Amino acid sequence: MPRQRTETTYDQIAAEKRRCADARRLKHAQETFEQRAQRLVKDRESRRTQKQQATDQLCDARIVSDREAKRAYQAAEEMPEARAERVTKECLAQRKRREAETPEDGSQRRAKDREAKRARLETEETPEAHAARTAKYWEAMQAYRFAKFEAFELRVACIRAYLRGHCASLASELRRAPSQRPPRSGLATARCRRESVRAAQR
């Protein structure tokens, strides 16, 4: 014959709770001072551990959500040039931090990086998300290289313009008559003076 299910009423639940509370109070009243101290320490440690675990879970979830929101905002609003500039600044700051850290800090950081990488791999990134992230990375890298190449070309153009103007001024000075050339200083002035003295002696 199948077992019939009995419905528990609120009065029965309240009576059971009262019975458990009475048994717990009786047990606490019969324990010694050392047993009471050990029980309080154990309760305090377990409560602290549970509270710390709950706080860590909430903190980790909040940090992850804030980080994901920031990345989504940057991916939606950021241009490739701005992303390249931001990544360059982050890389320089990271390099400075790593140069200033001790070997113990470096080993701890690498262990944390390995754990974070393992956690990221466990989230199982979809192929579409991986392709989008890779395309975004290569787009930013191309923009960064193009910006560096443009800066190099601008520097070369400035140097060429300066040299062209300097050569033009030297050529115009050489085309002038010796008497119309501006006075020079140092060895060139002494040489011109000696040449003028020799010409007068002749």
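For the working numbering, count along the sequence shown from 1 and bump the result up by 201. Quick reminder that beta carbons are idealized off the backbone N, C-alpha and C, glycines included. All values derive from a computational prediction rather than experimental measurement.
Of the listed residues the options, nearest to residue i (C-alpha basis)
i    : options                : result
F347 : D306, R226, E282, E269 : E282
R334 : A273, G366, H367       : A273
A320 : K290, E286, V265, A332 : V265
A344 : E279, A362, S373       : E279
W339 : E300, R240, V288       : V288
Three-state secondary structure assigned by DSSP to residue i
i    : result
G307 : helix
T256 : helix
A362 : helix
M342 : helix
T209 : coil
E286 : helix
T335 : helix
E302 : coil
E316 : helix
E279 : coil
Between the CA atoms of residue j and residue i - distance to the nearest angstrom
i    : j    : result
E354 : S308 : 42 Å
Q275 : E217 : 57 Å
Q251 : C292 : 38 Å
R225 : E208 : 26 Å
R249 : A255 : 10 Å
P304 : R310 : 10 Å
T233 : L259 : 39 Å
R237 : I214 : 28 Å
A277 : S247 : 45 Å
A352 : A332 : 30 Å
K290 : K318 : 22 Å
E286 : A270 : 20 Å
R220 : H229 : 14 Å
T327 : A312 : 26 Å
CB contact check: residue i to chain B, cutoff 8 Å
i    : result
A301 : Looking for chain B here will not work: only one protein chain is present.
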